[in-house]
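Going down the list, the sequences are from chains G and C.
For the first sequence, the tail end lands on 652 under our numbering, and the numbers increase by one without skipping.
For the second sequence, the tail end lands on 551 under our numbering, and the numbers increase by one without skipping.
C-beta: ideal position from N, C-alpha, C; glycine also.
Bear in mind the structure is a predicted one, so any value in this text is a computation, not a measurement.
The structure appears below as structure tokens.
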Amino acid sequence: MEHLSDEIIMQKVAEGNLDLLKVLFDKHHEHIYNFLYKMSGDQMLSEDLTQDVFYKLIKYRSSYKNGSFVSWLFTIARNNLNTHFTRKHKNHDDIDVLEYKQIANDESKHEDYSQLQNALNRLNVKDRELIILNRFQEIKYEELAEITNSTPGAVKTRVSRALKKLKDIYLENI
Amino acid sequence: MEKNHVTHLLPDYLDNVLNEKDKELVKQHVSSCIQCKLELDELKILFKAMEDEPVAVPSDRLSAQFEAALDKEKLETSKVVALPVVKQKSNWASNMLKVAASVALLIASFQMGRVLQVQKSDNDMATLLDESLKIKQTAMLSLMENQSASKRIQGVSYIEEFPNPDEAIVNALANRLLNDENDNVRLNAFEALATFATSPTVKQAFIKALEIEKNPSIQIAIIQSLVKIQAKKAAVPMKKLLEQEDTQPFVKNEIELALPKII
């Protein structure tokens with residue numbers, strides 16, 4: 479099954495071949511976990527959310543509609559993260575709530591975090607998200623545009639700017 | 289020179305995904321622009337750090353829990369899949385059966401209701417008739433005991449209401465025929481009884497009445513009735529009447545005509 483594309487495998491899953499979900503899980507769960515971990519800086523939370531992403535994959539398998547599988551998967555992951563933080567901070571109703579948490583983390587200079595992670599934490603959520611997805615999870619601009627409801631060109635520009643910001647933050651702390 | 293900065297191309301340049309033309313452009317620009325060269329070097333450091341960034345590995349708990357959830361889903365799915373298949377197979381037939389059953393039930397209950405209704409009303413009617421007959425009988429019997437002759441006649445004439453009068457009525461009528469002091473009442477009682485002349489009780493009452501009756505018109509009526517039913521036992525009282533002196537001659541005449549017919 480390794481030679482089949484994720485989309486074809488997911489199509490088969492949607493048609494009822496549940497065993498193939500294991501293939502998709504093995505292939506992608508570390509990426510999802512790393513994305514969530516880089517975004518939240520919380521291992522337990524990231525595991526729980528990753529778990530939830532794949533539960534949703536099981537549950538909503540029949541709603542998969544031929545799009546890029548990776549985009550779909552990361553969209554679920556992203557929504558999970560948003561839902562988690564909006565639930566936790568009911569007063570804030572935007573993804574920006576993440577920033578507060580991360581800034582707080584940053585101020586305490588979490589020792590477990592690498593220099594790079596600390597630099598990442600100081601970016602705003604949208605920039606951080608783009609860089610993690612693009613640079614760490616190797617999501618292409620087209621898919622990134624799909625996930626963030628944007629166009630590939632705009633995404634490319636935003637990634638490039640975010641990289642510059644990150645670079646500056648990272649270098650000034652070295 | 290500023291306008292030609294290639295900052296936006298640098299990430300792709302480092303990723304080596306630029307086309308030849310852009311790649312050459314970056315190379316040339318960087319060799320002459322210190323700013324962009326610096327930018328490129330810094331970006332290189334950042335990219336290196338990113339590469340070196342350790343990949344976080346989730347615990348085994350994650351995949352164990354996923355597999356458990358997947359197994360559970362498979363179990364539930366197989367159940368869910370099995371059910372609709374069974375359903376679809378029997379859907380049409382079972383629906384038709386349901387419809388048929390409800391129609392049958394409707395008809396059955398309708399018929400049952402009708403039969404029960406008819407039975408009940410039959411019963412009711414029977415009871416009512418029975419009751420009204422009983423009332424009439426009581427009325428008849430009590431009227432016949434009345435002092436007024438006309439009331440007694442009225443009571444006697446109630447016999448028309450009874451297609452099959454019971455013993456009590458017949459006895460009461462016979463009693464009137466034999467014992468009533470009023471001729472008209474006796475005549476009426478006779479006429480009433482004449483309808484049931486074939487009954488042995490009535491026959492006996494006629495014969496007895498013939499012995500004691502004094503009214504000639506009633507005598508003749510009784511004689512004629514007895515002849516009609518061929519009551520042989522009536523011969524004796526008839527002969528007796530013939531011998532009696534106070535018997536009217538036309539009655540005797542009647543008896544003489546009647547006797548040969550019954551013997």
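Check, Outcome
"Best match in G:507, G:544, G:486, G:552 for proximity to residue 611 (chain G) [C-alpha to C-alpha]", "G:552"
"Three-way DSSP call (helix, strand, coil) for residue 489 (chain C) in this model", "helix"
"Chain-ordered neighbours of residue 419 (chain G) on chain C, where CB pairs are closer than 7 Å", "Because chain G is modelled from 479 through 652, residue 419 (chain G) falls outside the range shown and cannot be assessed."
"Residue 658 (chain G) classed as buried or exposed, judged by whether at least 16 other C-beta atoms fall within 10 angstroms", "Residue 658 (chain G) is absent from the structure shown; chain G starts at 479 and stops at 652."
"Within-8 Å CB hit, residue 500 (chain G) to chain C", "yes"
"Secondary structure of residue 297 (chain C), DSSP reduced to three states", "helix"
"Cutoff 8 Å: residue 508 (chain G) Cβ touching any chain C Cβ", "yes"
"Beta-carbon neighbours of residue 565 (chain G), restricted to chain C and to distances below 8 Å", "Residues of chain C passing the Cβ test: none, with the nearest at roughly 21 Å."
"Per-residue contacts from residue 392 (chain C) into chain G (C-beta, under 8 Å)", "Chain G residues near residue 392 (chain C): none, gap ~41 Å exceeds 8 Å."
"Chain C contact for residue 560 (chain G) (CB, 8 Å cutoff)", "no"
"Beta carbon proximity, residue 396 (chain C) to chain G, threshold 8 Å", "no"
"Secondary structure of residue 422 (chain C), DSSP reduced to three states", "helix"
"Chain C contact residues for residue 599 (chain G), given Cβ-Cβ distances below 7 Å", "Residues of chain C passing the Cβ test: none, with the nearest at roughly 13 Å."
"Contacts around residue 503 (chain G), its chain only, beta-carbon distance under 6 Å, and the 5 residues preceding and following it disregarded", "532"
"Short-range partners of chain C found in the segment 520-532 of chain G, where Cβ spacing is below 8 Å", "521, 524, 525, 528, 529, 532"
"Range covered by the alpha helix (DSSP H) that runs through residue 482 (chain G)", "Segment: none, residue 482 (chain G) is in no alpha helix (DSSP H) and carries neither H nor E."
"With 16 other Cβ atoms within 10 Å as the buried cut-off, status of residue 636 (chain G)", "buried"
"For residue 344 (chain C) and residue 497 (chain G), the rounded distance between their alpha carbons", "26 Å"
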